[in-house]
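Taking it in order: structure first as structure tokens, then the write-up.
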Amino acid sequence: SVPQYRAFRGVTYPAVPMRLRREMSVMLEVQLEGPGIVRYIATPEGYSVEVNATTGERNFSPSVAEVRNGSWGTGVLAAGIINVTVANTTFTANVTNLTKIGRNDLWVATSAADDLASAPAVAMLDATTRDATPPAFVPWYNASTPILYPAPDGVDVAVALDEPGRAYVHVLAPTAQVPSGEQVKERALANYTSTTWTEVTKVGALYGSAVFGLQSATRYAVYLTVEDFWEPERNILEPALRWEFYTFDDVPPRGAISLGTVTNEGFEIMGESNKNGTVRFVVVPSANEKKPTFWDVMFGVGYGQKQPSGLVENTTAAYK
């Protein structure tokens with residue numbers, strides 16, 4: 028006799044689990060109450076075969092014999108056989124060459140272990156394939172993404188994606204245990220310290236995810252993962268991407284600038300500082316009514332650019 032399919036732990040067999048579907052394949056799982064043979068063919072959804080050219084009559088489902096033979100017109104995408112040798116045990120077949128991220132029908136016929144008797148009808152299963160890859164990063168104008176924008180007290184991680192989704196960011200000390208992409212996501216959604224997430228709604232547009240509250244002039248590691256909106260199984264980037272970076276030093280140097288030796292050909296400027304840096308200056312006539320601004324001195328605007336001079340931490344130097 029032909030063995031019956033089982034229902035076990037909430038799964039009714041034969042089954043095509045969503046978690047095992049890919050862009051061009053699905054996994055067929057079967058359990059029988061006894062040894063038997065399971066044959067299958069896969070076709071695009073709605074496929075049919077003309078059986079009468081005069082009337083236009085078509086068959087919209089294959090016969091048991093056609094499934095057993097693995098042939099039904101010219102539209103069969105895949106065919107195969109599963110030998111179930113043990114009762115109450117899951118047997119699988121990877122059904123490939125299906126419509127990419129599209130709808131397919133999977134037709135199944137069951138026989139006894141000796142292949143002398145077959146079930147009277149063919150079962151049809153939905154074999155829709157799915158997007159199984161996370162979003163990909165795409166350039167934003169001429170810049171590759173992701174892009175890191177460090178600041179004195181934080182960092183902004185900017186991405187452009189090839190499909191809508193979400194970006195999740197977590198900043199940690201460089202020596203901290205490396206989180207997985209799922210952990211970065213979970214912590215960001217739970218509002219952990221130094222985490223954030225951003226919804227990406229427009230393909231190719233730049234979206235930033237900024238984390239603040241960091242210490243200046245400090246080394247950190249930032250982790251980034253992205254996921255799409257494909258349901259019921261979203262695709263998340265694993266492992267999370269990782270970069271090390273330094274926040275900017277936002278504390279200006281302390282020191283003094285004074286006038287040194289003056290001659291008929293020039294003069295010396297004496298500078299000292301508590302950290303490495305650069306001294307910039309411009310020279311203007313004493314009668315000049317316009318006082319240089321900060322940016323005038325930085326860039327020499329209107330005064331003739333002077334070469335900046337390096338200043339070494341905790342030293343005094345002279346500039347002529």
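Counting in the working numbering, the sequence shown runs from 28 upward without gaps.
Ideal Cβ positions, reconstructed from N, Cα and C, are used throughout, including at glycine.
Since the structure is predicted, the reported quantities are computational estimates derived from the model, not experimental observations.
Exercise for the section: Could you tell me the boundaries of the beta strand (DSSP E) in which Asn291 lies? Expected result: That residue, Asn291, is in no beta strand (DSSP E); it is neither H nor E in DSSP.
Exercise for the section: Specify whether the stretch 232-247 and the stretch 174-185 touch according to this definition: at least 3 beta carbon pairs, one from each stretch, less than 8 Å apart. Expected result: yes
Exercise for the section: May I ask you to report which of helix, strand or coil DSSP gives Glu209? Expected result: helix
Handout entry: Continuous beta strand (DSSP E) assignments of at least 3 residues falling wholly in the stretch 116-194
Key = 118-122, 131-139, 150-153, 174-178 and 181-186
Problem - Neighbourhood of Ile128 by C-beta, 7 Å cutoff - its chain only, sequence neighbours within 5 removed - result: Glu50, Thr156, Arg157 and Asp158
Handout entry: Of the listed residues Pro177, Thr160, Val186 and Pro162, nearest to Ser171 (C-alpha basis)
Key = Val186
Exercise for the section: Can you grab the Cα-Cα spacing for the pair Ala146 / Pro30, in whole Å? Expected result: 9 Å
Problem - Among Met325, Gly73 and Asn96, nearest to Arg85 - alpha-carbon criterion - result: Gly73
Handout entry: Paired residues, beta bridge with Ala106 - DSSP
Key = Ile68
Problem - Val43 and Glu56 closer than 9 Å at C-beta - result: yes
Exercise for the section: Would you list the residues sitting across from Asp216 in a DSSP beta bridge? Expected result: The sequence as given places Leu at residue 216; Asp does not occur at that position. For Leu216, which the question treats as bridged, DSSP gives no partner whatsoever.
Practice task
Return the CA-CA distance between Gly331 and Thr202, expressed in angstroms with no decimal places.
Solution key: Confidence at Gly331 is low in this model, with a pLDDT of 47, below 50, so its placement is unreliable and the value that follows should be read with caution. Their backbone Cα atoms lie some 48 Å apart in a straight line.
Exercise for the section: Drop a sphere of 10 angstroms on the beta-carbon of Asn110, count the other beta-carbons inside from all chains shown, and report buried for 16 or more, exposed for fewer. Expected result: exposed
Problem - Continuous beta strand (DSSP E) stretch holding Ala248: start and end - result: Arg246 to Asp255
Exercise for the section: Buried or exposed for Ser52, please, with buried defined as at least 16 other CB atoms from any protein chain shown within 10 angstroms of its CB. Expected result: buried
Handout entry: beta-carbon Arg261 near the ligand SAH non-hydrogen atom, thresh 8 Å
Key = Looking for the ligand SAH in the displayed structure turns up nothing, as the structure carries no ligands at all.
Exercise for the section: Give the DSSP-derived three-state secondary structure of Val278 in the structure shown. Expected result: coil
Handout entry: Rounded distance between the beta-carbons of Leu59 and Ala114, thought under 8 Å
Key = 6 Å
Handout entry: Trp257 to Lys229 span [Cα, whole Å]
Key = 15 Å
Problem - C-alpha distance - Met325 paired with Pro279, whole-angstrom precision - result: 15 Å
Practice task
Kindly give me the distance between the Cβ atoms of Ala215 and Thr222, rounded to whole angstroms, as I take these residues to be in contact under 8 Å.
Solution key: 4 Å
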